[in-house]
Every structure is written in structure tokens, then in C-alpha cells.
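Novice: Adding 16 to a residue's 1-based position in the sequence shown gives its number in this note's numbering. Let me begin by handing over the structure; questions about it come next.
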Amino acid sequence: MILVCGGLADVVTELVCARLEALGYPYRLLDLGLFPEGYRVAWRWTRGVPGGWVRAPDWKLHLSEVSGVFVRYLGSDGHAPLPELSPAMAEAVIAESQAGLMALLEHLPVLVVNRAAPSVSNHSKPYQALLVRESGLKTPPTLVTSDPEAALEFYQHNGGEVIFKSLSGVRSVVRKMNPSDLERLHLLRHGAAQFQRYLPGDNVRVHTVADEIFATRVRSEAVDYRYARRQGHTAEMEPTDLPDSVAEACLRLTRSSGLVLAGIDLKQTPQDEWYCFEFNPCPGFAYYEQHTGQPISAALAELLKAGIQA
17 MILVCGGLAD VVTELVCARL EALGYPYRLL DLGLFPEGYR VAWRWTRGVP
67 GGWVRAPDWK LHLSEVSGVF VRYLGSDGHA PLPELSPAMA EAVIAESQAG
117 LMALLEHLPV LVVNRAAPSV SNHSKPYQAL LVRESGLKTP PTLVTSDPEA
167 ALEFYQHNGG EVIFKSLSGV RSVVRKMNPS DLERLHLLRH GAAQFQRYLP
217 GDNVRVHTVA DEIFATRVRS EAVDYRYARR QGHTAEMEPT DLPDSVAEAC
267 LRLTRSSGLV LAGIDLKQTP QDEWYCFEFN PCPGFAYYEQ HTGQPISAAL
317 AELLKAGIQA
């Protein structure tokens with residue numbers, strides 16, 4: 017039995033459940049948009065292995081029956097209101113209940129997509145860059161700083177062709193610097209930012225599902241194609257193939273990071289150079305599957321059904 021842990025209102029979780037339904041693969045959904053309300057999870061260690069069960073109003077699943085787990089943890093903003101609790105208490109209850117579930121899934125001796133421990137790299141872009149380079153992929157010239165003068169020097173050294181972004185895993189809009197931004201560099205003293213040389217070319221989003229690769233070429237005039245419409249542009253997507261060396265590096269990055277599923281952001285320059293910006297251990301692959309028809313969710317469903325030990 018496959019266990020899906022995520023909010024049903026989340027488009028990726030909804031797609032995974034729909035794909036499992038379409039393929040006829042049995043699963044149970046622990047809706048993290050409601051959890052812990054309506055659910056009970058009980059487990060304890062037995063000979064070094066967690067044993068117990070997960071129970072919903074209309075089903076009960078013993079952990080020994082679980083062949084694979086897909087999980088997308090939610091923040092309090094993705095959870096249904098808990099009106100009987102104060103906002104602070106509700107946030108604490110949600111965090112504590114998900115932490116307890118996380119502790120269980122970290123030690124469950126089945127495939128878990130993805131475990132929390134290897135996913136924390138997403139909270140530090142500089143650390144991710146080290147992992148990217150170790151895999152054999154190149155990264156753009158990068159500066160992480162809270163020094164306004166260092167940022168100005170980097171901007172001038174790269175002829176003003178510079179983008180900036182958040183250092184954390186919190187989603188942010190990637191922007192290209194313009195001269196008016198130089199007046200705001202003094203704000204860096206309150207918090208560092210990441211600057212990178214702007215690279216022309218096509219964005220290529222790669223999803224790895226174990227040993228399978230799904231690459232999507234994105235053509236857009238927008239700096240951040242995810243927000244192309246907001247910037248007055250369009251984004252065209254199509255399946256594409258990777259050079260063998262790049263494909264192997266993507267798989268190597270996924271494995272060395274301890275992940276099963278990853279979303280890797282690449283760029284192919286007009287000179288046919290390949291660079292990697294970052295990788296996401298909890299990728300929103302539904303967006304790419306809906307635009308290209310690539311069977312990412314089907315590959316994931318097959319993997320969960322196989323129940324490979326991990």
C-alpha cells in the first residue's frame with residue numbers, strides 16, 4: 017500500500033493521487049492540510065524498526081503494509097484553520113504534529129520520496145552550490161554578501177549583467193539588477209543576498225525520478241520564467257534531451273544528495289555551455305507535466321508501487 021502525505025489542495029499531491037487512481041494502484045492519503053485533526057498516528061520501536069499504524073475516519077493502515085511513501089510537508093499557511101486555537105497555538109500544533117510524522121518517515125524502512133534530512137540543503141543556496149559543483153555541473157559566477165561595496169564591485173565587474181535572489185529556500189522572484197537598484201545596496205547590511213552573473217540562453221528544468229530523467233526546455237524573455245506573465249512575457253515549454261554528460265551529472269547530483277525526486281534548474285547558453293543554478297528536493301513538477309505531457313507523476317507512481325527499499 018502506498019501512503020501519500022500532503023495537502024489535497026496542493027496541486028502536486030492532487031496530481032500524484034489522481035495518477036495512482038488512474039493506474040489502479042492502492043493508496044491512502046494522510047491529508048496534511050487537516051492533520052492532526054481526523055487522524056491518529058501511533059508507533060514505537062520494535063527491534064530497531066518503527067511499528068504501528070496510521071488511522072483516518074474510514075481506514076487504518078499498519079506500517080508493515082506500506083510499500084512506499086510520497087510526502088510534501090506543509091506550512092501553517094497551507095493548513096485548514098483551527099478556529100478553536102489561537103494563531104500561535106495552531107501554528108505550534110501543526111508544526112509539532114508534522115515533526116512527529118517526519119520522525120516516523122525518516123526511519124521507515126521503505127522508499128520515502130523524499131526524506132527530510134537530505135531535503136534541508138534547499139535552505140542554503142551556497143551549500144547547494146557546493147553539491148552542484150561536486151556533481152560535475154558548473155555554476156555561474158556568484159557572490160554572497162552583505163557588503164554593499166562588494167556587491168557594487170561584482171555588478172561593475174560583470175558589466176551590469178547580474179541577477180539577485182534569496183539565499184534561503186523561501187520562494188522568491190529572481191530579478192535582473194538595474195542601475196536604480198544600486199541605490200538600495202546599503203540595505204544589504206541588514207541581510208545578505210546572492211548575486212550571480214546573468215546568463216543568456218534557454219532555461220532547462222530537469223526532473224529526476226530515481227534513474228529516469230525528464231527535461232523541459234523553457235523559452236522566455238522573462239528573467240524568471242515562472243512569473244513571465246507578471247513581467248509581460250510568455251513562457252514556451254517543450255520536452256528536450258540532455259547531453260549524456262549533463263544527464264549523468266543530474267543523476268549523480270540527485271543520488272549524492274540522498275534524494276529520489278529532484279527538480280534541477282539548468283541553463284544552456286548560446287555557446288552550448290551548461291550551468292546549474294540550484295535544485296529543489298520538493299519540486300512542483302505538476303506545472304511542467306501539465307505543459308509538456310511528460311509522465312513524471314506516472315514514473316513516480318511506478319516507483320512507489322515497486323516499493324524499493326531506501
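For every residue, glycine included, the Cβ atom is placed at its ideal position computed from N, Cα and C.
Hey, how far is the Cα of PRO164 from the Cα of HIS202?
Specialist: To locate residue 164, count along the sequence shown from 1; it is residue 148. To locate residue 202, count along the sequence shown from 1; it is residue 186. When rounded, the distance between both Cα atoms is 6 Å.
Novice: Please identify the residue among GLN306, ASP281, PRO311 and ARG200 whose C-alpha is closest to the C-alpha of VAL148.
Specialist: The residue you call residue 148 lines up with position 132 of the sequence shown. Nearest option by C-alpha distance: ASP281.
Novice: Return yes when the C-beta of THR285 is under 7 Å from any heavy atom of the ligand PLP, and no when it is not.
Specialist: No copy of the ligand PLP occurs in the structure displayed, which carries no ligand at all.
Novice: Check whether the stretch 238-257 touches the stretch 299-310, counting contact only when three or more Cβ pairs, one atom from each stretch, lie closer than 8 Å.
Specialist: Flag = yes, the stretch 238-257 and the stretch 299-310 touch.
Novice: From the DSSP output, in three-state form, read off GLN14 for me.
Specialist: Nothing in the structure corresponds to residue 14, since the chain is present only between 17 and 326.
Novice: How about PRO277 and VAL129: do their beta carbons lie closer than 8 Å?
Specialist: Mapped onto the sequence shown, residue 277 falls at position 261. Mapped onto the sequence shown, residue 129 falls at position 113. The residue asked about is misnamed: residue 277 is Leu in this sequence, not Pro. Closer than 8 Å, so yes.
Novice: Specify the secondary structure class of HIS95 as computed by DSSP and reduced to three states.
Specialist: By 1-based counting over the sequence shown, the position of residue 95 is 79. Three-state DSSP puts HIS95 in coil, outside helix and strand.
Novice: Once the 5 residues before and after VAL82 are set aside, which same chain residues still bring their CB inside 8 Å of it?
Specialist: Counting from 1 along the sequence shown, the entry for residue 82 is found at position 66. Result list for VAL82: MET17, ILE18, LEU19, LEU124 and VAL126, in chain order.
Novice: Just reading off the alpha helix (DSSP H) that TYR171 is part of, what are its end residues?
Specialist: On the sequence shown, residue 171 is found 155 positions in, with the first residue counted as 1. Taken as a continuous stretch (DSSP letters only), the alpha helix (DSSP H) holding TYR171 covers 164-173.
Novice: Using the DSSP secondary-structure output, state which residues sit across from SER135 in a beta bridge.
Specialist: By 1-based counting over the sequence shown, the position of residue 135 is 119. None; SER135 has no bridge partner.
Novice: Quick check: what's the CA-CA separation for ALA322 versus ALA238?
Specialist: The residue you call residue 322 lines up with position 306 of the sequence shown. The residue you call residue 238 lines up with position 222 of the sequence shown. C-alpha separation (whole angstroms): 40 Å.
Novice: Across which residues does DSSP place ASP47 in a beta bridge pair?
Specialist: Residue 47 sits at position 31 when you count from the first residue of the sequence shown. BP columns for ASP47 point to GLY22.
Novice: Taking Cβ positions, are ALA34 and TYR55 nearer each other than 8 Å?
Specialist: One-based indexing of the sequence shown puts residue 34 at position 18. One-based indexing of the sequence shown puts residue 55 at position 39. Their beta carbons are not under 8 Å apart, which means ALA34 does not touch TYR55 by this criterion.
Novice: Taking 8 Å as the threshold, find out whether the stretch 108-119 comes into contact with the stretch 259-276 through three or more Cβ pairs.
Specialist: No: the two stretches stay apart, fewer than three of their Cβ pairs being nearer than 8 Å.
Novice: From the DSSP output, in three-state form, read off MET253 for me.
Specialist: Locating residue 253 in the sequence shown gives position 237, where the first residue counts as 1. Three-state result, MET253: strand.
Novice: Alpha carbon to alpha carbon, how far is GLU318 from GLY84? Give it in angstroms, no decimals.
Specialist: By one-based count along the sequence shown, residue 84 stands at place 68. By one-based count along the sequence shown, residue 318 stands at place 302. Cα to Cα, the separation comes out at about 10 Å.
Novice: Near ASP218, what residues of its chain come up, given a Cβ to Cβ distance below 8 Å and the 5 sequence neighbours on each side ignored?
Specialist: As a working note, residue 218 is residue 202 in the sequence shown. Answer for ASP218: ARG233, VAL234, ARG235, LYS283 and GLN284, listed in chain order.
Novice: Comparing alpha-carbon positions, which option in GLY64, GLY22, THR62 and ALA226 lies nearest PRO52?
Specialist: In the sequence shown, counting from the first residue as 1, residue 52 sits at position 36. The residue with the shortest Cα to Cα distance from PRO52 is GLY22.
Novice: I'd like to know whether the C-beta atoms of VAL57 and LEU316 end up nearer to each other than 8 Å.
Specialist: As a working note, residue 57 is residue 41 in the sequence shown. As a working note, residue 316 is residue 300 in the sequence shown. Not closer than 8 Å, so no.
Novice: Going straight from the alpha carbon of ALA326 to that of ALA226, what length do you get?
Specialist: Counting from one through the sequence shown, the residue named residue 326 turns up at place 310. Counting from one through the sequence shown, the residue named residue 226 turns up at place 210. Any answer about ALA326 is weak, because its pLDDT of 42 lies below 50 and its placement is not dependable; what the coordinates show is given next. Going by the C-alpha atoms only, they are around 11 Å apart.
Novice: Can the beta-carbon of GLY152 be found less than 8 Å from the beta-carbon of ARG221?
Specialist: Working through the sequence shown from its first residue, we reach residue 152 at position 136. Working through the sequence shown from its first residue, we reach residue 221 at position 205. No, these two residues do not count as a Cβ contact at 8 Å.
Novice: With VAL28 as the anchor, note down where its alpha helix (DSSP H) starts and where it stops.
Specialist: The residue labelled residue 28 in the question sits at position 12 within the sequence shown. Its alpha helix (DSSP H) spans residues 27-39.
Novice: Please report the straight-line C-alpha distance between LEU320 and TRP69, rounded to a whole angstrom.
Specialist: For the purposes of this step, residue 320 is identified with residue 304 of the sequence shown, where counting begins at 1. For the purposes of this step, residue 69 is identified with residue 53 of the sequence shown, where counting begins at 1. Their Cα atoms are separated by approximately 19 Å.
Novice: Output the boundary residues of the beta strand (DSSP E) element that contains HIS78.
Specialist: Along the sequence shown, one-based indexing puts residue 78 at 62. Element bounds for HIS78: 75-78.
Novice: Examine the Cβ distances between the stretch 188-198 and the stretch 167-178 and report whether three or more of them are shorter than 8 Å.
Specialist: Yes, the stretch 188-198 is in contact with the stretch 167-178.
Novice: Measure from the alpha carbon of ALA231 to the alpha carbon of each residue in LYS181, ASP257, PHE211 and TYR41, then state which is nearest.
Specialist: Taking the sequence shown and counting its residues from 1, one reaches residue 231 at position 215. Looking at the Cα atoms, ASP257 is the closest of the given residues.
Novice: Residues in its own chain within less than 7 Å of ALA96 by CB, not counting five upstream and five downstream?
Specialist: For the purposes of this step, residue 96 is taken as residue 80 along the sequence shown, with counting starting at 1. Excluding sequence neighbours, ALA96 sits near GLY49 and LEU50.
Novice: Is the separation between the beta-carbon of SER273 and that of PRO134 shorter than 8 Å?
Specialist: The sequence position of residue 273 within the sequence shown is 257, counting from 1. The sequence position of residue 134 within the sequence shown is 118, counting from 1. Yes; because the gap between Cβ atoms is below 8 Å, this pair is in contact.
Novice: Let me know the secondary structure DSSP gives ARG221 once reduced to three states.
Specialist: Translated into positions along the sequence shown, residue 221 becomes position 205. Reduced to three states, the DSSP call for ARG221 is strand.
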